[in-house]
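When you line the sequence shown up against this note's numbering, it's residues 790 to 1139, in that order.
Where a beta carbon is used, it is the ideal one built from N, C-alpha and C, also for glycine.
Okay, structure first, notes after.
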Amino acid sequence: MICPSCGNISEQDDKFCSRCGLFVTAQTQKLFSSVSTFSWIMRRALGGMFAGVIGWILSIALSRTIGTSSSMTVHLIVGGAIGGAFLGNVGGIIEHSSYKALLGGILGCIGGILGGLINRPIYDYFSAHSLAYSISHSFSWAVAGLFIGATSGLIEKNKKKIMVGVIAGFIGGAIGGGLGSGLYVSLLIDVNRPGWITSRFIEALAGAVVGMNLWFILGLVEKLYIFNRKQLLDATEKICDFCNTHNSLRAWYCKNCGKTLLVSAPVEKLKITPYRSLERISNAFKFISWLSAVAGVVLVLIIFIFLLFKNPFFAVFVSVALAIVIYMISVLLNGVSEVFTKFIKIREAE
């Protein structure tokens, strides 16, 4: 048993922690477990917030690059595709899973495109209503959230979990889309002639609200249901329910068939660092490193396509130069993450 206060490992029947003196009961364990669950969900929400900020800034920048020659539907589809792709990446990036990040990004992009397609008809239907803009964007991001929410369930290969994820994504997207678009319009109206920095801040804030709300709801459902596992007590290995292959306690997927392992190991049997805060800072830098790489790929493609028809040689030069800069930024952020990881290992070895 791990003390929820100081992290000291004690015997299962100990009444008090031998390190900090905390009275360890089932109630205190549940209380601190709830705090840990909330922290897990908030990390998901923060990931959604960062993805929303970058996705919104890039989507609006691309929309302005396209110009007024294209219809509003085209702008909405482009914005939905980019925003949806970034929001769909969050779960996979946090879990360091390229496969899940790619699947979520593709589903988010598809959902964003469909959400962009329905935006204008819904806006026209509610045009007489003062909240028509918020209502239309609420529906658009509900559709995008619907696809993003299916990601974890698809990887789990469980129809019920897919449906629960779809519902959670729909609700989270609807709430985030409504609040984010409402905040965006309200700030534009309230701020008199906003400058360039203020305008970008308003755009980023709207994206942050959408991403944070979407992933708070999704994180809540993933933690409490989709990722819910039967806990092993005395086992030293995880046995796959599908092919009976023996896997280590730290494994999430079967090494033989690739399917999700439906059991979890108790915390006491896992080697967990006592420097949890530093570990989270390290993970945060790694998350931003991955996200910057995704943003770089999208940005380079946008700039290359935009400049290609004007000056192909200049398009190649700018794209390569920008790719190098973004790669260096991504490597630097990942390096900072590895410095924290190395420091933790050195401290643990002492």
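May I ask you to report which of helix, strand or coil DSSP gives residue i?
i, result
"PHE1031", "coil"
"THR1025", "coil"
"PHE1076", "helix"
"TYR1042", "strand"
"SER1037", "coil"
"THR1130", "helix"
"LYS819", "helix"
"SER1053", "strand"
"PHE805", "strand"
"PHE812", "strand"
I'd like the span of the alpha helix (DSSP H) that includes residue i, first residue to last.
i, result
"LYS949", "948-979"
"SER988", "985-1010"
"ALA939", "921-945"
Once you ignore the five residues that flank residue i on each side, which residues in its own chain have a CB closer than 8 Å to its CB?
i, result
"ILE849", "GLY868 and GLU992"
"PHE1031", "CYS1043, CYS1046 and LYS1048"
"TYR973", "ILE991, GLU992, LEU994 and ALA995"
"SER852", "HIS864, VAL867 and GLY868"
Looking only at its chain, what residues have a beta carbon closer than 6 Å to the beta carbon of residue i, apart from the 5 residues adjacent to it on each side?
i, result
"SER1053", "ARG1018 and GLN1020"
"ALA786", "With the chain covering only 790 through 1139, there is no way to say anything about residue 786."
Once you ignore the five residues that flank residue i on each side, which residues in its own chain have a CB closer than 7 Å to its CB?
i, result
"ALA1040", "LYS1027 and LEU1050"
"ILE843", "PHE875, LEU1080 and ALA1084"
Counting Cβ pairs closer than 8 Å, one from the region 1007-1023 and one from the region 978-996, do we hit at least three? no
Scan the region 829-903 and note each continuous alpha helix (DSSP H) run of 4 residues or more that stays entirely inside, going in chain order. 861-883
Unbroken stretches of the beta strand (DSSP E), 3 residues or longer, contained in the region 1064-1111: List check, beta strand (DSSP E) in window: nothing returned.
Within the chosen definition, does the region 901-913 reach the region 945-955 through at least 3 CB pairs nearer than 8 Å? no
Within 8 Å, do at least three Cβ pairs link the region 1070-1083 to the region 1110-1126? yes
Is the number of C-beta pairs between the region 927-937 and the region 896-905 that are closer than 8 Å three or more? yes
Do the region 882-890 and the region 829-836 make contact, defined as three or more Cβ pairs closer than 8 Å? yes
Between the region 962-971 and the region 912-928, do three or more beta carbon pairs fall short of 8 Å? By the Cβ test, the region 962-971 is in contact with the region 912-928, since at least three Cβ pairs between them sit closer than 8 Å.
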